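Here is the structure we will look at.
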């Protein structure tokens, strides 16, 4: 009877989305809720997404509330982390968990629809903008990239000025310009060269 008390069949009052704690892939939601078990710390769903059932060979639970139960391991298809089990056989008290995706709470993060991390209100910043942490990081990175591009642009302008100065004074690459043109024009007859 104590085992049955740990089994809850009432779905959450709000819609809940369950995600892999490692890669945040959505594994399911409370619309497919079958039951939850406090002792096993699981949420069992009738349907799941982004999961793989390792149905090659069933495993047997050796201890705990589900001792003697056989199951297939369930892994996240996004990151290959084990996220739960699909029970094939269970003690009578866990019948509701059989043939469902029993996802382990510690391997999940969840989001309750309607609960928001940020809301407009009294704590609104002076500039009237509310930014999430990710947006702030992106903006900071963009500012860093813009600063680096400005430095590169200034460096290129400096090198361009130096190059123009060198070409204008006859030192550097431009000093042989007249000679190079003379070398690549058609040769003068040998007789004329000999008279000089």
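In our numbering, the protein residues as written are 1 to 196.
Ideal placement from N, C-alpha and C gives every residue a C-beta, glycine not left out.
Source: prediction; values computed, not measured.
Could you have a look at residue i and say whether DSSP puts it in helix, strand or coil?
i, result
"residue 104", "strand"
"residue 157", "helix"
"residue 183", "Unreliable positioning characterises residue 183 in this predicted model, as indicated by a pLDDT of 47, which lies under 50. The coordinate reading is nonetheless provided below. Helix."
"residue 113", "coil"
"residue 19", "strand"
Considering only their Cβ atoms, is the gap separating residue j from residue i smaller than 8 Å?
i, j, result
"residue 81", "residue 34", "no"
"residue 13", "residue 27", "no"
"residue 69", "residue 94", "yes"
"residue 19", "residue 108", "yes"
Compute the beta-carbon to beta-carbon distance between residue i and residue j, rounded to the nearest angstrom, for a pair I have assumed lies under 8 Å.
i, j, result
"residue 42", "residue 113", "Going by Cβ atoms, the distance from residue 42 to residue 113 rounds to 21 Å, so no, they are not a contact pair."
"residue 63", "residue 71", "That pair is no contact at about 14 Å."
"residue 44", "residue 96", "7 Å"
"residue 10", "residue 38", "With a Cβ gap of about 13 Å, residue 10 and residue 38 do not count as contacting."
Would you mind listing the beta strand (DSSP E) stretches within the region 21-89 that are 3+ residues and don't spill past its ends, in chain order? 26-29, 33-37, 42-45, 51-60, 70-76 and 82-89
Could you check whether the region 46-59 touches the region 72-91, counting it as contact only if at least three pairs of C-beta atoms, one from each stretch, sit closer than 8 Å? yes
Is it true that the region 18-31 meets the region 64-78, where meeting means three or more beta-carbon pairs spaced less than 8 Å apart? yes
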